[in-house]
Structures are given as structure tokens and as C-alpha cells.
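Residue numbers 1 to 246, in full-length UniProt numbering, belong to the letters of the sequence shown in order.
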Amino acid sequence: MTIAADLRQIARVSGNRPARATAVSDALASAREVFRQHVTPTRTGGWLFQPGIWAGHPDYAYAGHHNGGPNLAPARVSDIAEDTSHSHRLPLWLTSLSEAYGVGHPVGAYYDQPRHRLATQFLSRVLVPPNRDFPSFRTTNFMDGHNGLYRWGYVTHGPDNGYRPYELSGTLLLGWWSFLDRPGVCASYDDQARRFPLPPRVIRTYIGPDTTRVRHRLLAHGAWYRNGLALQLVRVAADRCREVRR
1 MTIAADLRQI ARVSGNRPAR ATAVSDALAS AREVFRQHVT PTRTGGWLFQ
51 PGIWAGHPDY AYAGHHNGGP NLAPARVSDI AEDTSHSHRL PLWLTSLSEA
101 YGVGHPVGAY YDQPRHRLAT QFLSRVLVPP NRDFPSFRTT NFMDGHNGLY
151 RWGYVTHGPD NGYRPYELSG TLLLGWWSFL DRPGVCASYD DQARRFPLPP
201 RVIRTYIGPD TTRVRHRLLA HGAWYRNGLA LQLVRVAADR CREVRR
């Protein structure tokens, strides 16, 4: 659906009618219905996407546990929200869907409120500022603020292993949350950029269980947290925020 949004925007800017224009319009109409029907408002002014829909999925089977260990029994959370790692794309998806219609279009403006409320959810329930116990920004593992185990026993982690509390936090440094364009989020990226080089314990949390998949040497085993790549992404996110806010 967001690909359809990008195709519509490209067509509008270029003045060319997109191939399969009807399919693009149908996808955009479906996107609006998805957000109308499957978003659940929260009491704090945020929202969650289909809470509970993932409760039966193997990746979420141990979300009720906050401590890892051998031979854990599944502990499902019936109304669990989506994990924060996959959710970090939502800000730019909402931006693409809005910009597909151009400035001032009522359908495009419809997406302003979901993006605003997503920022509220992120700042109030997900983002954890540095404190005496941990000198860097973290995120909870799930969008409702729940912080249990994720992907415990996943194939690339091995048995009795997975993401413990806060171990999805490394996704924050990719910068996608900056597209929420909220002062609190932008200030967080500014602050995080000043916290490099990262202490080893921070890197260990950001890496989490690591992976058995083969990765490029610049990324493998948390190398990107040490070699300047993560720092540059955080700086780009902070700079983009400043440009938008001018």
C-alpha cells in the first residue's frame, strides 16, 4: 500500500499517469480502510495496530516472560501489541500515504492524526530515556509498553535464546522514528548522537541475541555500533528533524 502511495506521488510530480492507475487507487483506498478499521485508540492518546492479533504467533509465544531461561513454557499475552522493531517503519508509511494526495487534500490530511497519535504512543509508552541504570536511549519490546521476551527460540537465535527486555532497542538507531517529526523524538536523536562512542553494555543490549545469519563485516556482531555507521544514521535522523522543523 505504501508502494502504491509512492507510485501515486511520483506520477503527480512527474505529470505522468501511473501504470495500473486503478490498482494504485484501490490500494490507497484499502490503506485508508485498514487504518480506520484496525487501529485501536489508547487512553493516553496514542493508538495500537490490531492488539492481540499476534498473540498466537510463535514469535510472541513467550511475551509473558520477562526473564529468559532454559525450558521455558509459553506465556502468551492475549492483547499483546506489535513488536517495536517491525513497527519502526510506520512513521514513514504514514508519511507516504499522506503525501500521495498532495498538500491540502482531505484524504492526505486524514493521516496527520494517526501520525500524531503514533508519536504520542511512542513517546509515552515505548521510548525510554537514559537514566542512572542505562546511559543510552532504549525502547520497550512491544508498542503497548510491554517488555517481555520476543522471538524466544527463533531459528536464527537457537534454543533458550531470544530478545530479552529492551533488546529491540537497536532498531531506534536506524532513524525511522524521526519521521514522526515531533520535537520530543527529534531531541532524542540529538541527544543520542552525543552519546557515542557507546559503552560495551549498551552495545550488548542493542545487539540482543545476535543472529546466525551471515552478515557483511561492517554490520556483523554489532560492528556498526562501533565503526561509525550507527552514529551517522543517528546524525542523519537528527539533521532531517531540524530541516523539517525550520
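Cβ atoms here follow ideal geometry from the backbone N, Cα and C, with glycine treated the same way. Please read these numbers as outputs of a predicted model, since none were measured by experiment.
For residue j and residue i, the rounded distance between their alpha carbons
i	j	result
residue 174	residue 104	30 Å
residue 113	residue 129	25 Å
residue 154	residue 59	7 Å
residue 53	residue 242	36 Å
residue 205	residue 96	31 Å
residue 189	residue 75	34 Å
residue 65	residue 17	52 Å
residue 37	residue 227	44 Å
residue 51	residue 41	10 Å
residue 252	residue 21	Nothing can be reported for residue 252: it is not among the residues displayed for the chain, which extend from 1 to 246.
residue 164	residue 14	47 Å
residue 29	residue 106	13 Å
residue 139	residue 80	16 Å
residue 94	residue 187	21 Å
residue 111	residue 33	12 Å
residue 214	residue 220	8 Å
residue 78	residue 55	5 Å
residue 132	residue 73	33 Å
residue 19	residue 10	11 Å
Close beta carbons around residue i, own chain, < 6 Å, minus the five adjacent residues each side
i	result
residue 231	196
residue 27	1, 4
residue 207	222
residue 212	156
Closest by C-alpha distance to residue i, when choosing among the options
i	options	result
residue 124	238, 47, 234, 13	47
residue 118	7, 82, 214, 71	82
residue 180	122, 126, 163, 37	122
residue 108	79, 5, 244	5
residue 120	65, 2, 44, 209	44
residue 25	79, 35, 2	2
residue 240	106, 61, 89, 185	185
residue 237	172, 147, 228, 222	172
residue 210	170, 183, 10, 244	170
residue 149	135, 166, 143, 158	166
residue 135	67, 34, 198, 42	198
residue 141	88, 99, 84	84
residue 152	187, 145, 68, 100	68
residue 146	57, 14, 31, 63	63
residue 8	98, 56, 77, 73	98
residue 87	157, 215, 168, 111	168
residue 143	61, 126, 31	126
residue 61	200, 220, 162	162
residue 247	57, 100, 224	No information on residue 247 is available, as it lies outside the stretch 1 to 246 that the chain covers here.
Same chain, Cβ closer than 8 Å to residue i, five either side skipped, listed in chain order
i	result
residue 71	160
residue 224	218, 230
Proximal residues to residue i (C-beta, below 7 Å), its chain only, five neighbours per side dropped
i	result
residue 271	Residue 271 lies beyond the stretch modelled for the chain, which goes from 1 to 246, so this question has no answer here.
residue 39	47, 49, 114
residue 102	12, 108
residue 234	173, 175, 189, 192, 193
residue 229	218
residue 35	114
Enclosing alpha helix (DSSP H) for residue i [first to last residue]
i	result
residue 123	Neither: residue 123 is in no alpha helix (DSSP H) and is coded neither H nor E.
residue 224	223 to 226
residue 184	183 to 193
residue 14	2 to 14
residue 204	200 to 207
- Message: Quick check for students: name the residue ranges of the beta strand (DSSP E) that lie wholly in the stretch 20 to 52, counting only runs of 3 or more.
- Response: The stretch 20 to 52 contains these whole beta strand (DSSP E) runs: 39 to 41, 47 to 49.
- Message: Ignoring anything shorter than 4 residues, give me the alpha helix (DSSP H) runs that lie fully in the stretch 78 to 109, in order along the chain.
- Response: Runs found: 84 to 87, 90 to 99.
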